[in-house]
Amino acid sequence: MIAANPVSLPLSGYVARHLRLTVENRVAVILLDRPARKNPLTFESYVELTDIFRALAKDDGVKAVVLAGEGGNFCSGGDVHDIIGPLIERDTKGLLAFTTLTGDLVKAMRACPQPIVAAVDGIAAGAGAILAMASDLRFGTPGAKVYFLFNRVGLAGCDMGACAMLPRIIGQGRATELLLTGRGLGAEEGERWGFFNRLVAADGLLHAARALAAELADGPAFAHALTKRMLQTEWAMSIEAAIDAEAVAQALCMTTEDFRRAYRAFAAKERPRFEGN
Numbered sequence: 000m001i002a003a004n005p006v007s008l009p010l011s012g013y014v015a016r017h018l019r020l021t022v023e024n025r026v027a028v029i030l031l032d033r034p035a036r037k038n039p040l041t042f043e044s045y046v047e048l049t050d051i052f053r054a055l056a057k058d059d060g061v062k063a064v065v066l067a068g069e070g071g072n073f074c075s076g077g078d079v080h081d082i083i084g085p086l087i088e089r090d091t092k093g094l095l096a097f098t099t100l101t102g103d104l105v106k107a108m109r110a111c112p113q114p115i116v117a118a119v120d121g122i123a124a125g126a127g128a129i130l131a132m133a134s135d136l137r138f139g140t141p142g143a144k145v146y147f148l149f150n151r152v153g154l155a156g157c158d159m160g161a162c163a164m165l166p167r168i169i170g171q172g173r174a175t176e177l178l179l180t181g182r183g184l185g186a187e188e189g190e191r192w193g194f195f196n197r198l199v200a201a202d203g204l205l206h207a208a209r210a211l212a213a214e215l216a217d218g219p220a221f222a223h224a225l226t227k228r229m230l231q232t233e234w235a236m237s238i239e240a241a242i243d244a245e246a247v248a249q250a251l252c253m254t255t256e257d258f259r260r261a262y263r264a265f266a267a268k269e270r271p272r273f274e275g276n
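Numbering-wise (numbering that gives the first Met the number 0), the sequence shown opens with residue 0 and increments by one.
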């Protein structure tokens, strides 16, 4: 039985059990906190992360999210002892329940309206690589190494949406190479391929991720959420349908008070102060 702590709102008052969560200045920082084992995921942390990202959709006090790992690594994937071992004993129904649970985390991240900034240092492997991939923006350090290593444990690369999302980030050929070989994607190559938005020094990684999240949090939250939604929705659209859908989305943004604030600030030669409505 998975014992997750029911997530309460607002998240600023929620005490996480299987990771660390802080909310400050409208930015939530989710820190994977098992550094001795490179921050692996457990059944419980999968559930708690999913619940947190679902709760974010209802928390107007959070405008952006940072996802990071403690101790010089991002996330080493599913815990070998706590997850992989028990899976060997499950039947097909039980295995499908697990893979559905892991996919639910990615769905929750994508449905979360706030922009998610992944701060990746050291190892991001397996499900850890997926967490970085499912974030909206990714900062890495020169020592970051990303492994989609499912084939190395006898599994397909089609895990938690990798075959749908990774090609859209780095291209079909490059994604195919990583998912078929399981080789590591280094920091400089990852930035060159577009997986990392930028590289920063390890000692400044969390600060840089927080700074970007703070910048996003100061922006028009409704418009940011709609941008994130349309970036996903338009994957399955023709260009013509996407243009029509964006016309509706942009017209909707023009009904917001933030749009009016921006106009008034421009007319007064001031910087707009967005409030998310």
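Each residue gets a CB set at the ideal place from its N, CA and C atoms; glycine is no exception.
Values in this document were obtained by computation on a predicted structure and should not be read as measured data.
Nearest neighbour of Thr226 by Cα position, chosen from Ala244, Arg209 and Ser237, turns out to be Ala244.
Secondary structure within the segment 145 to 221: the beta strand (DSSP E) runs of 3 or more consecutive residues, fully enclosed, are 183 to 185 (chain order). Contact between the segment 200 to 209 and the segment 240 to 257 is not established, with fewer than three Cβ pairs separated by less than 8 Å.
Across the set Asp158, Phe265, Leu177 and Leu130, the C-alpha of Leu130 shows the shortest separation from the C-alpha of Leu48. DSSP, read as helix, strand or coil, puts Val26 in strand. Rounded to the nearest whole angstrom, the CA to CA distance from Thr140 to Leu198 is 5 Å. Phe52 sits in a helix when the DSSP states are folded into three classes. Three or more Cβ pairs drawn from the segment 74 to 93 and the segment 31 to 50 lie within less than 8 Å of each other, which places the two stretches in contact.
CA-CA distance, Met159 to Thr101, rounds to 6 Å. Thr21 carries a strand assignment under DSSP once its states are collapsed to helix, strand and coil. A residue is called buried when at least 16 other Cβ atoms come within 10 angstroms of its Cβ; Pro5 does not meet this threshold and is exposed.
The alpha-carbon of Phe97 is positioned some 12 Å away from that of Glu43.
Remark: C-beta atoms of Ala224 and Val26 do not approach each other more closely than 8 Å. In the same chain as Leu215, and ignoring 5 residues on each side of it, the C-beta atoms closer than 6 Å to its own belong to Ala63 and Pro114, in chain order.
The Cβ atoms of Gly189 and Phe195 sit closer than 8 Å to each other.
Contact check for Ala123 and Val145: beta-carbon distance about 5 Å, within the 8 Å limit, so the pair qualifies. The residues Leu8, Pro9 and Leu10, in chain order, have a CB closer than 7 Å to that of Asp58 in the same chain once the five nearest residues on each side in sequence are set aside.
Taking a C-beta distance under 8 Å as the contact criterion, Thr255 and Asn276 qualify as a contact pair. Per DSSP, reduced to three states, the secondary structure at Cys74 is strand.
Excluding five sequence positions before and after Gly60, the CB atoms of its chain that fall closer than 8 Å to its own CB belong to Pro9, Leu10, Ser11, Val22 and Arg25, given in chain order.
Taken through DSSP and simplified to helix, strand or coil, Gly68 comes out as strand. Within the model, the alpha-carbon separation for Leu95 versus Glu274 is close to 42 Å. Our two residues, Arg53 and Lys106, have alpha carbons roughly 9 Å apart in a direct line. Out of Thr180, Gly170 and Val14, the CA that lies nearest to the CA of Leu148 is found in Thr180.
Assignment of beta-bridge partners to Phe138 by DSSP yields Ala118 and Arg197. When C-alpha distances from Ala56 are compared across Glu187, Arg228 and Met236, the shortest belongs to Arg228.
Note on geometry: alpha-carbon atoms of Ala200 and Ile169 lie some 23 Å from one another.
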